[in-house]
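Just so you know, the sequences run in chain order A and B. Counting from 1 along the first sequence, just add 118 to a position and that's the residue number in the numbering used here. Counting from 1 along the second sequence, just add 1119 to a position and that's the residue number in the numbering used here. Input: a single structure, listed below in structure tokens.
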Amino acid sequence: MADDDVKLLKEQLSRQKEEIEKLKSLLQDKLKLPDVFTSDNDDFPTTIPAVNQLDKESIARYSRQLILPEIGIRGQLLLRKTSVLIVGCGGLGCPAALYLTAAGIGQLGLIDHDEVEISNLHRQILHTEARINVQKSTSAAYACKQYDIVLDATDNVATRYLLNDGCVLAGKPLVSGSALRFEGQLTIYNYKGGPCYRCLFPKPPPPETVTNCSDGGVLGVVPGIIGCLQALEVIKIAAKIGRPCTQRLLLFDALDGSFKAIKLRQKKDNCEVCGSSPSITELIDYEQFCGTRATDKDKVLTILTPEERISVQDYQAIVENGEPHLLIDVRQPVELEICQLSQTINIPMNSLSKEETIKELKEKLIPQADRPKTSVFVVCRQGNDSQVAVKLLKEKLKQLPISIKDIKGGLKAWARHIDRSFPEY
Amino acid sequence: MDVINVTILFFAKGRELRGQREDQTAIISQPSGADLYKLVVDKFPCLEPIRDHFALALNEEYIEKSDQIITLSEGDQLAVIPPISGG
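Shown next, in the form of structure tokens:
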């Protein structure tokens, strides 16, 4: 192509980019988003009708907690006056929301997930249609300011830092709960001189060291218990009773049936966000800060070249044609008990590099007269581990006349495209 | 320098990396808070991936990463507590 054409295209591209920026800015203006931390003018339904006495029905409904001297009419009216934002409507958020509603909290805001999309709005009732495609942190941080107490029931590191900073900047207590496998943690950040999340954990963990519920698993009762404890702490803050769990970290060990309360530090004077001269004075890009997406959804890796992979459709054809091959499933044995393809050999990821495993595999792959070259396929749940495994096996088995490919998208793709009755987990 | 036997409790990712809930180890009796964080990783190299990403508690009290000297006693419990982020 002539240089002139390239130049022309570049100019066109640059003009289009300018146009897009202009349109974006126009859209922002149209949406008229108020400044997150200064404006009180908004479309959030924050006005809770002022009540200074309870009617007959409310007295009957809340009677069992009204006769607790610590709560009484005073405490119940305080609950009625309080608004709480629950971020994350999963294992933690659901029980918390149920108990807070049942206890008579004046107003609940619920947010789930990070991006405002039209398909979210049926459940993410805090976002509005006008805010589709609006930067999620703007929407969420805006929300922090609108509520008295924020409850962190999220499932990922990036949102946890976002809520921490949002609450510090808005001066709101953050009732933080988390759960994984058989363990749970609970504390209140940014409350009564206690630390914030950054005071304790200034650096986000490397993404590869973070286990999420979809990989690690979680017993439903565990977030159920932590979510209930979060609701309890909210009630204590709202009714101004008891000793809220600030400056303490509650560790729950479900298998051991034990709780431990760790006494924490006060807030850190040189904390980047809640210290005396903070360097973070507005929200930042938390996905960039944490090096990971603000979701616990599994990422899709692309380690292999297209030639080193096979689609589920092509693999099905190989099976149907009766072509000889070896299928290796690299999931854990417990996962194979859930579901597996026929004629599978199980070699879990963690034993793949063991010498004896490779030795056994080599014996299986010795060339036979009728098949000079063996095809090996590797499968896992969703096609990430299988790629890592192919890379490793290629190295370990490089002297053998074999081809090794991974099945793209793993058993998830098999369930979606080949066999609809095949379980997904 | 005196050496003290302590129990190390592993939580969350620490438990996953170590593959057990607790263990015993011997540690110098008067390290600084910051040194104690380092010593625990030295004793348990499996914690290397989360080196800067856990809180340490001595007998259920948070230890600050500072120069302040911590006096350990026989049978003390040191807890390795990485944050959980799931929910």
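Ideal Cβ positions, reconstructed from N, Cα and C, are used throughout, including at glycine.
First through last residue of the alpha helix (DSSP H) which encompasses residue i
i, result
"ARG182(A)", "181 to 184"
"GLU474(A)", "473 to 482"
"ALA168(A)", "From DSSP, ALA168(A) is part of no alpha helix (DSSP H); its letter is neither H nor E."
"GLU453(A)", "451 to 454"
"LEU196(A)", "190 to 199"
"LEU210(A)", "Taken as a continuous stretch (DSSP letters only), LEU210(A) belongs to no alpha helix (DSSP H), as it is neither H nor E."
"ILE1200(B)", "No alpha helix (DSSP H) holds ILE1200(B); the beta strand (DSSP E) holding it covers 1196 to 1200."
"GLU1180(B)", "Note, GLU1180(B): premise wrong, no alpha helix (DSSP H); beta strand (DSSP E) at 1180 to 1182."
"ILE436(A)", "430 to 438"
"CYS408(A)", "404 to 408"
Min CB distance residue i to chain B below 7 Å
i, result
"ASN238(A)", "Note that ASN238(A) has pLDDT 40, beneath the 50 cutoff, so the model's placement of it is unreliable and the number below is only indicative. No, ASN238(A) lies away from the interface with chain B (no Cβ there is under 7 Å from its Cβ)."
"ARG361(A)", "no"
"PRO291(A)", "no"
"TYR543(A)", "no"
"HIS245(A)", "Per-residue confidence for HIS245(A) stands at a pLDDT of 43, beneath the threshold of 50, marking its modelled position as unreliable; the derived number appears in the next sentence. No, HIS245(A) lies away from the interface with chain B (no Cβ there is under 7 Å from its Cβ)."
"GLY380(A)", "According to the sequence provided, residue 380(A) is Ile. The question's Gly does not apply to it. So yes, ILE380(A) belongs to the interface."
"ASN170(A)", "no"
"LEU261(A)", "Reading off the sequence shown, one finds Ala at residue 261(A), where the question assumed Leu. Taking Cβ atoms only, chain B never reaches closer than 7 Å to ALA261(A), which makes this a no."
"ASN308(A)", "no"
"ASN274(A)", "yes"
"CYS285(A)", "no"
"CYS331(A)", "yes"
"SER504(A)", "no"
"GLN303(A)", "yes"
"ALA507(A)", "no"
"PHE370(A)", "no"
"ALA288(A)", "no"
"ASN159(A)", "The predicted model places ASN159(A) with a pLDDT of 41, which falls under 50 and marks its position as unreliable; any figure quoted below should be read in that light. It does not: the Cβ of ASN159(A) has no partner Cβ on chain B nearer than 7 Å."
"ALA412(A)", "no"
"PHE319(A)", "yes"
"GLN242(A)", "Since pLDDT at GLN242(A) reaches only 37, below the 50 mark, its modelled position is unreliable, and no value is offered."
"PRO323(A)", "yes"
"ARG316(A)", "no"
"SER296(A)", "yes"
"THR327(A)", "yes"
"ARG278(A)", "yes"
"ARG383(A)", "yes"
"ALA349(A)", "no"
"ALA271(A)", "yes"
"VAL154(A)", "Reliability fails at VAL154(A), whose pLDDT of 41 lies under 50, so the model's placement of it is uncertain and the value that follows must be treated cautiously. No, VAL154(A) lies away from the interface with chain B (no Cβ there is under 7 Å from its Cβ)."
"PRO341(A)", "yes"
For residue j and residue i, believed in contact at Cβ under 8 Å, the rounded distance
i, j, result
"PRO1202(B)", "PHE407(A)", "Going by Cβ atoms, the distance from PRO1202(B) to PHE407(A) rounds to 15 Å, so no, they are not a contact pair."
"LEU1175(B)", "VAL1159(B)", "6 Å"
"ILE306(A)", "SER294(A)", "7 Å"
"LEU470(A)", "GLY284(A)", "About 43 Å; that fails the 8 Å criterion."
"LEU218(A)", "ALA412(A)", "So it is not a contact: roughly 24 Å between Cβ atoms."
Cutoff 7 Å: residue i Cβ touching any chain A Cβ
i, result
"GLY1214(B)", "Because residue 1214(B) is not part of the residues shown, which for chain B are 1120 to 1206, the question remains open."
"ALA1153(B)", "no"
"ALA1176(B)", "yes"
"PRO1202(B)", "yes"
"PRO1168(B)", "yes"
"ASP1121(B)", "no"
"LEU1197(B)", "no"
"VAL1125(B)", "no"
Extent of the continuous beta strand (DSSP E) to which residue i belongs
i, result
"GLU1141(B)", "1141 to 1147"
"PHE1129(B)", "1122 to 1129"
"LEU444(A)", "444 to 447"
"LEU1166(B)", "It is not in any beta strand (DSSP E) - LEU1166(B) carries neither H nor E in the DSSP assignment."
"GLN225(A)", "225 to 229"
"THR462(A)", "462 to 464"
"ALA1176(B)", "1174 to 1177"
Any non-hydrogen atom of the ligand SAH closer than 6 Å to residue i Cβ
i, result
"VAL496(A)", "This structure lacks the ligand SAH, and indeed carries no ligand of any kind."
Positions along the stretch 206 to 217 of chain A whose CB lies within less than 7 Å of some CB in chain B: Cβ contacts with chain B: GLY206, GLY208, GLY209, LEU210.
message: Could you tell me which whole alpha helix (DSSP H) segments of length 4 or greater appear in the stretch 269 to 330 of chain A?
response: Taking 4 residues as the shortest admissible run, the stretch 269 to 330 of chain A contains the following complete alpha helix (DSSP H) segments, listed from N- to C-terminal end: 275 to 288, 315 to 318.
task: Could you pull out every unbroken beta strand (DSSP E) segment of at least 3 residues lying fully inside the stretch 492 to 532 of chain A, listed in chain order?
output: Counting only runs of 3 or more residues that sit fully inside the stretch 492 to 532 of chain A, the beta strand (DSSP E) segments are 492 to 497, 520 to 525, in chain order.
message: Residues of the stretch 1180 to 1195 of chain B in Cβ contact with chain A at a cutoff of 7 Å, in chain order, please.
response: So the close ones are GLU1180, TYR1181, GLU1183.
field: chain B contacts from the stretch 445 to 472 of chain A (Cβ-Cβ distance under 9 Å)
entry: So the list is empty, because no residue satisfies the distance condition.
task: Using a Cβ-Cβ cut-off of less than 7 Å, list which residues of the stretch 1127 to 1161 of chain B approach chain A; keep chain order.
output: Taking 7 Å as the Cβ-Cβ cut-off against chain A, the residues of the stretch 1127 to 1161 of chain B that qualify are PHE1130, ALA1131, LYS1132, GLU1135.
message: So within the stretch 321 to 395 of chain A, which uninterrupted beta strand (DSSP E) runs reach at least 3 residues, ignoring any that extend past its ends?
response: Segments of the beta strand (DSSP E) lying fully in the stretch 321 to 395 of chain A: 366 to 371, 376 to 381.
field: Positions along the stretch 177 to 189 of chain A whose CB lies within less than 8 Å of some CB in chain B
entry: Listed by position along the chain: nothing, the set is empty.
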